[in-house]
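If you read the sequence shown in the working numbering, its first letter stands for residue 2, the second for the next number, and so on. Using N, Cα and C, we set each Cβ at its ideal position, and we do this for glycine too. What you are looking at is a predicted structure, and each value in this text was computed from that prediction instead of being measured.
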Amino acid sequence: MEQFVIIGGGAAAHQAARSLLQAKPQARLAMVSQEPQLPYDRPHLSKGFLTGDSLSPAMLGGHELYGEPRVEWLGGASVGEIDRDNARVHLGSGAALAYDKLIIATGSRARRLPSEVARAPVHYLRTFEDALALRSQLVSEARVVIIGGGFIGLEVAAAARQRGCRVTVIEAQAHLLARTGCAALSHWAQALHVENGVEVQLQAQVAAIEPGPLGKARVQTSAGPVLADVVVVGIGVQANAELAQACGLDVADGIVVDRACATRDPAIFAAGEVTCYPVTHLGVRTRSESWTAAGEQGSVAGRAAAGDAAAAYGEMPWLWSDQYSSTLQCLGLPQLAGKYAYLGDVHAGQWLALGWDDEDRLVCAIAANRNRDISAIRRAIKRNEPLAELYASALVSAQRTTGERTPARRVV
Ligand SMILES: Cc1cc2nc3c(=O)[nH]c(=O)nc-3n(C[C@H](O)[C@H](O)[C@H](O)COP(=O)(O)OP(=O)(O)OC[C@H]3O[C@@H](n4cnc5c(N)ncnc54)[C@H](O)[C@@H]3O)c2cc1C
């Protein structure tokens, strides 16, 4: 009987397990996860979990699987080495597991501040334990300083405001959500948070976080000191790709895989946030910090490892973020966009930005509270349908809407 091993216990690993066992019901599967909990909904940690009072994470559907005799769930265990020559993984405990096929779904970890900068305790948010610890500090009137104005930082800001905290976001760049490179999104996010009572400091470098008076932390920034009861650091993530690198797989900001989530070792697949995968629509590679991409790649990896030659991942990157009562979505790769057309009013609550690169290819769509538009664009891209019909009339009005650049061009 074929033996499969999955390293990881997140969305990618979970979907890999489900699709693998669906494709090969007789397979035997061992799943090794550093986290003790069965796979849970990580995006919920910075949203409903922080504003709610649940004492357990929201589990992913289908976790009954881990009670089945064909599945060995090894929660709270860590793989320390992949021995490709002998097709085994070695656990931190000293135990070894043999595999016929291996799926690496080790995700990412929160990027940490150097210890010489973080001299007082700070919070990061990646795991259920992180969220539990952070939530216990988000009490009314607590002064919360969030370092990093990316998606996680802003979701924490929104949740902290909803819990009655006084919130300051400190961002080193000139804009919030700067990594997306979409000015409209940055302006909209800033307005949204300022309207909700968040103080936003831009272009502020954090020099040190040190113990302050009365048990507070003093955050020393280039704009001056800020006292905090709670400091949250959201400065990005680092792919857990070291295992793959150490065993000689190709790694370039993530484990390099093809459309079938295959690495260059035919016995090893990888899926989710740890991978650097081809975005076939745009002819580039990327690593996505996206829940949907992780799950979908997991499904593909599971099927491919089970021998399904048709398994392939061909989606555009897509992620969403909930802040207060707004949902924003980002489809594609905004970092490739040189120009945008805006539909709707960027200064109002609902808008859609379509971005093109220098070769006039549609490379991204970003939306606030226009979920149906993003769904329609996703569907059209998936079916290789032209978007012109969907947006022809809307583009005419785009010429009259706000936004720094509204090129008069046909939607491709
Ligand atoms: C707070 C938060 C909110 C988010 N919100 C959104 C959102 O709104 N929308 C969105 O699209 N995305 C969101 N994301 C991103 C999304 O959750 C991730 O992209 C997705 O969870 C990645 O799934 P994954 O399975 O690839 O990796 P992970 O979820 O990181 O899982 C990897 C697992 O592997 C385990 N592991 C790592 N190394 C080893 C090892 N050596 N041995 C054993 N186990 C190991 C880890 O402990 C972990 O359990 C959010 C992320 C966070 C942290």
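Under the DSSP assignment, ASP84 falls in the beta strand (DSSP E) whose first and last residues are 80-84. Judged by pairs of C-beta atoms under 8 Å, the stretch 226-233 does not touch the stretch 64-79, as fewer than three such pairs exist. In the pairwise beta carbon analysis, the stretch 169-180 is classified as not touching the stretch 254-266: fewer than three pairs are separated by under 8 Å. In the DSSP assignment, VAL364 falls within the beta strand (DSSP E) that extends over 363-369.
When the five nearest sequence neighbours on each side are left out, the beta carbons in the same chain lying within less than 7 Å of the beta carbon of GLY296 are those of ALA12, ALA13 and GLN16, in order along the chain. In the three-state reduction of the DSSP assignment, TYR341 falls in the strand class. According to DSSP, residue pairing for TRP357 in a beta bridge involves LYS340 and LEU363. Distance from the CA of LEU337 to the CA of PRO318, rounded to the nearest whole angstrom, comes to 13 Å. Counted as a single uninterrupted DSSP element, the stretch harbouring GLU36 is not any alpha helix (DSSP H), since DSSP gives it neither H nor E.
The beta carbon of TYR125 is closer than 8 Å to those of ALA111, ARG113, ASP131, VAL233, VAL234 and GLY235 in its chain, skipping five residues each way along the sequence. Using a cutoff of 7 Å, the CB of PRO44 counts as near ligand 1, since one of the ligand's heavy atoms is closer than that. When the Cα atoms are used, ALA307 and GLN35 turn out to be separated by approximately 24 Å. Only residues of its own chain outside the window of five on either side were considered, and among them LEU178 and ILE367 have a CB closer than 6 Å to the CB of LEU186, listed in chain order. The criterion of a C-beta distance shorter than 8 Å is not satisfied by GLN221 and ALA173. Close CB contacts of LEU75 within its chain, under the 6 Å cut and outside five residues either way in sequence, are with VAL33 (chain order).
In the DSSP assignment, ASP323 is bridged to THR328. At the C-beta level, ILE8 and LEU30 stay beyond 8 Å of one another. Closer than 7 Å to some heavy atom of ligand 1: that does not describe the Cβ of THR264. Contact check for SER109 against ALA240 passes: the beta carbons are separated by less than 8 Å. By the beta-carbon neighbour count (other beta carbons within 10 angstroms, threshold 16), LEU56 is exposed. In the displayed model, GLN351 falls within coil according to three-state DSSP, outside both helix and strand. Taking the C-beta atoms as reference points, GLY93 is found nearer than 8 Å to GLY81. The distance from the Cβ of ALA99 to that of GLN27 is about 17 Å, inconsistent with a contact at the 8 Å cut-off. The alpha-carbon of ARG19 is positioned some 10 Å away from that of LYS25.
Segment contact: the stretch 339-352 against the stretch 367-377, three or more CB-CB distances shorter than 8 Å; contact assigned. Taking C-beta separations shorter than 6 Å and ignoring five residues to either side along the sequence, the partners of HIS45 in its chain run ALA59, following chain order. Cβ-Cβ distances below 8 Å link LEU193 to GLN324, TYR325 and SER327 in the same chain, with the five nearest sequence neighbours on each side left out; the list follows chain order. The Cβ neighbour count for SER291, taken over all protein chains shown within 10 Å, is at least 16; the residue is labelled buried.
LYS102 counts as buried, since at least 16 other C-beta atoms from the protein chains shown sit within 10 angstroms of its C-beta. Cβ-Cβ distances below 6 Å link ARG164 to LEU139 in the same chain, with the five nearest sequence neighbours on each side left out; the list follows chain order. It is roughly 6 Å from the alpha-carbon of VAL201 to the alpha-carbon of THR169. The continuous alpha helix (DSSP H) containing LYS383 extends over residues 372-383. Judged by beta-carbon spacing, ILE104 lies beyond the 8 Å limit of ALA245, meaning their Cβ atoms are not closer than that value. Restricting attention to alpha helix (DSSP H) runs no shorter than 4 residues, the stretch 73-133 encloses none.
The Cβ atoms of LEU320 and CYS365 do not sit closer than 8 Å to each other.
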